[in-house]
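Read through the structure below, which is laid out as structure tokens, and then see the notes.
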Amino acid sequence: VFPVYMNSLLKTSALVGSTELSTDDRAFHRFFVNSMGVEETQVLLYPRLIPLHSMDVSSEAIPAPVRCSEERLNESGMFLLENGPVPPTSSRTSSMCPLSATCPQKG
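Its first residue numbered 3, the sequence shown is counted upward by one per residue in the numbering used here.
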């Protein structure tokens, strides 16, 4: 598990040298990552994939997250990908909800 977390950490905006972030923004991202708790850091490095298609609408309980792998996905499913807290200066969103074309429409 440790190599997966290290590989993910090396790909964060705090460490990646890209032209999209200024030096000041990269320093802010490093400070932001260093100030996060263990659970927040874990979600940042290994996002949670929550199956919404198996959610009971009569309950307030959130379904248990599944591992982020292709074998856990299905074409008719709907998932929420939570990828951790995002710094206030970032234009990225902190969660995504990809829908498949074969996802059943309920209205």
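The C-beta atom is built at its ideal place from N, Cα and C for all residues, glycine as well.
Run the CB neighbour count on residue i, radius 10 Å, all protein chains shown included, and call it buried at 16 or more, exposed below.
i	result
Thr43	buried
Val15	Looking at the sequence itself, residue 15 is Ser, so the reference to Val does not match. Burial call: buried.
Val18	exposed
Leu12	exposed
Phe34	buried
Ser93	Unreliable placement is indicated for Ser93, whose pLDDT of 49 sits below 50; no coordinate value is reported for it.
Are the CB atoms of residue j and residue i within a distance shorter than 8 Å?
i	j	result
Gly174	Leu23	Examination of residue 174 is not possible in this model, given that the chain is present from 3 through 109 alone.
Met57	Pro65	yes
Run through the DSSP bridge pairs and tell me what residue i is partnered with.
i	result
Val68	Leu51
Less than 8 Å between the CB atoms is what I'm expecting for residue i and residue j, so what's the real figure, rounded?
i	j	result
Tyr48	Ser10	6 Å
Self-check item: Sufficient close CB pairs (3 or more, under 8 Å) joining the region 38-56 to the region 77-89
Solution: yes
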